[in-house]
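Heads up: the sequence shown begins at 9 in my numbering, then just goes up one per residue. Where a beta carbon is used, it is the ideal one built from N, C-alpha and C, also for glycine. Shown next, in structure tokens, is the structure this report addresses.
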Amino acid sequence: MLENKNILVGITGGIAAYKICTLIRMYRKAGANVRVVLTPNALNFVTKLTLQTLSNNEVYVENFEINDYKPEHIALTESDIFVIAPASANTVSKIANGICDNLLLSTACAFSKPILLAPAMNTNMWNNPFVQENLAKLKKTGYHILEPDSGYLACGTSGVGRMREVEEIFDKTVEILSPAKLKGKKILISAGGTREKIDPVRYITNSSSGKMGIALADAAYALGADVTLVSTFPVDKNYQNIVAQTAQEMEKVVKERTPFQDCVIMAAAVSDYRVANYSEQKIKKTSEDGITLELVKNPDILKEISGTKNVKIVGFCAESENLLENAKTKIQNKGCDLIIANDISRKDIGFDSNENEVYIINKELEVKHLEKDTKQNIAKRILEEIFE
Ligand code: C5P
9 MLENKNILVG
19 ITGGIAAYKI
29 CTLIRMYRKA
39 GANVRVVLTP
49 NALNFVTKLT
59 LQTLSNNEVY
69 VENFEINDYK
79 PEHIALTESD
89 IFVIAPASAN
99 TVSKIANGIC
109 DNLLLSTACA
119 FSKPILLAPA
129 MNTNMWNNPF
139 VQENLAKLKK
149 TGYHILEPDS
159 GYLACGTSGV
169 GRMREVEEIF
179 DKTVEILSPA
189 KLKGKKILIS
199 AGGTREKIDP
209 VRYITNSSSG
219 KMGIALADAA
229 YALGADVTLV
239 STFPVDKNYQ
249 NIVAQTAQEM
259 EKVVKERTPF
269 QDCVIMAAAV
279 SDYRVANYSE
289 QKIKKTSEDG
299 ITLELVKNPD
309 ILKEISGTKN
319 VKIVGFCAES
329 ENLLENAKTK
339 IQNKGCDLII
349 ANDISRKDIG
359 FDSNENEVYI
369 INKELEVKHL
379 EKDTKQNIAK
389 RILEEIFE
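Right under this line is the structure:
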């Protein structure tokens, strides 16, 4: 997701500094080149050696230690983003006042690309009016600020001040660096395996983890789309999430909203059948011979919404045999614009896996193969294909 991006990470002197080791690994795993600059105080919490090893680059603390023809703070500004985490009250306030008394601050002062700050501090420091005033100044000037969470703090108290989770810092970085190619587009994505209720405690479901649908929603959001994720379980993200557990609940939500979208992607594994007679009471173990559940057909949501005017409708096709043949029949039967086919007989991809390998089939029955990759990368490729 961050292929060829140059990320400059700034660490200040706070206990959350140790969490940045994980963040650096995440950036590198996503393809970014990472350089790290620390304030001298940060060295009390993490070592240069750790950061050098994780970033696979030189780590900078003092001015005048970069082997480059340019002054240090200028050399470091040649990055796509400067992520300062944790950002102490001291550093936040100094940046807001143009103070440059260490390398991290001089770099921030000279940085012309986006700067993302993840403040972390004691609650009283966070509430201090001067710190708040400085933060307000930075926000107004276009700095991206991930405001701290409330929770247990290292100083032994509870309150606002805990640095946001590194996953959130990572997501925000991706969001800032992604060109808003899908800005203005409304996309609805369904995810997860539906739960067809038998009684108040039991249900019929399938092995879908919802990971592919969430990866699509994340990728669409990162590209600037207005995303609605309709999932069978709650998902805590920055885009709209509606929970619909059964096929009928999902049908209602999806059908209501489809006419207002530019694209609907049905990545959910919707159960083809539901229990005919839902029991209001928990079914008792009274029969020695077993019981029979009668199932009735569920609505085919994809088929129902296919053909909606000016809305691109995309379906998924999970098959354990004759993948392409079945996918071609399915796109003709359902009438959608694209079908994404994946082979669920393979253990290394598809259901519950972090990776996938898919075939994209269009109405003309042309097939495009996307080789095995992370679900995140596959999601990006699928979106490119839909909106190319
Ligand atoms: O018919 P089948 O389940 O093989 O088709 C899969 C595609 O159809 C998926 O996109 C799935 O979300 C959608 N579907 C649906 N309603 C159903 C069953 C599947 O929308 N009842």
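Count the other CB atoms, across all protein chains shown, that sit within 10 Å of the CB of residue 386; report buried if there are 16 or more and exposed otherwise.
buried
Apart from the five residues just before and just after residue 10, which ones in its own chain have a Cβ nearer than 7 Å to its Cβ?
35, 38, 39, 40, 182 and 185
Taking Cβ to Cβ, would you say residue 339 is nearer than 7 Å to residue 368?
no
Got a sec? Which residues, its chain only, sit under 6 Å from residue 77 by beta carbon, not counting five neighbours each side?
Because residue 77 carries a pLDDT of 49, less than 50, the predicted location of this residue cannot be relied on, and no value is offered for it.
For residue 334, I'd like the list of residues in its chain whose CB is within less than 7 Å of its CB, leaving aside the five on either flank, ordered along the chain.
325 and 327
So the alpha helix (DSSP H) residue 340 belongs to, where does it begin and stop?
331-342
Taking DSSP as the reference, what is the three-state secondary structure of residue 133?
helix
Using CA atoms only, rank isn't needed, just tell me which of 140, 94 and 84 is closest to residue 117.
84
Pick from 341, 346, 331 and 375: whose alpha carbon is nearest that of residue 354?
331
Distance cut 5 Å, beta-carbon to ligand 1 heavy atom: residue list by chain order
Counting only heavy atoms of ligand 1, the residues whose C-beta sits closer than 5 Å to one of them are, along the chain, 274, 276, 278, 306, 308, 309, 310, 323 and 324.
Among the candidates 59, 365, 303 and 268, whose CA atom is the shortest distance from the CA of residue 398?
For the chain, the structure presents residues 9 to 396; residue 398 sits outside this window and is missing.
I need the straight-line Cα distance from residue 258 to residue 15, nearest angstrom please.
C-alpha separation (whole angstroms): 40 Å.
So, are the CB atoms of residue 283 and residue 195 less than 7 Å apart?
no
Terminal residues of the beta strand (DSSP E) in which residue 194 lies:
Residue 194 -> beta strand (DSSP E) spans 194-199.
Contact set for residue 43: own chain, Cβ-Cβ below 6 Å, skip 5 residues either direction
Contacts found: 16 and 65.
Inspect the beta-carbon positions of residue 277 and residue 341 and report whether they are closer than 7 Å.
no
How about residue 255 and residue 287: do their beta carbons lie closer than 7 Å?
No, these two residues do not count as a Cβ contact at 7 Å.
Length of the line joining the Cα atoms of residue 178 and residue 145
24 Å
Selection from 175, 216 and 127 that minimises the alpha carbon distance to residue 101:
127
Exposed or buried, what is residue 138 when buried is set at 16 or more other beta-carbons lying within 10 Å of its beta-carbon?
It counts as exposed.
For residue 92, the nearest candidate out of 153, 53 and 236 (CA to CA)
153
Residues near residue 265 in its chain [Cβ-Cβ closer than 6 Å; skip 5 each side]
196
Contacts around residue 157, its chain only, beta-carbon distance under 7 Å, and the 5 residues preceding and following it disregarded
170 and 172
Give me the Cα-Cα distance between residue 62 and residue 316, rounded to the nearest whole angstrom.
50 Å
By DSSP, does residue 229 sit in helix, in strand, or in coil?
In the three-state reduction of the DSSP assignment, residue 229 falls in the helix class.
Tell me the residue span of the alpha helix (DSSP H) that contains residue 1.
The structure shown does not extend to residue 1, since the chain is modelled only from 9 to 396, so the question has no answer here.
What residue from 131, 218, 98 and 166 has the CA that sits closest to residue 359's CA?
218
With distances taken Cα to Cα, identify the nearest neighbour of residue 271 among 176, 305 and 393.
Among 176, 305 and 393, the Cα nearest to that of residue 271 belongs to 393.
Residue 236 - partner residues in DSSP beta bridges:
196 and 248
Taking 6 Å as the limit between beta carbons, can you name the residues of its chain near residue 375, skipping five residues before and five after?
367 and 369
Alpha carbon to alpha carbon, what distance is there between residue 346 and residue 109?
57 Å
Among residues of its own chain, excluding the 5 on either side of residue 21, which ones have a beta-carbon nearer than 7 Å to its beta-carbon?
In its chain, beyond the 5 residues on either side, 47, 49, 50, 52, 53 and 96 have a beta carbon closer than 7 Å to the beta carbon of residue 21.
Neighbourhood of residue 248 by C-beta distance below 6 Å, restricted to the same chain and skipping five residues each side:
236
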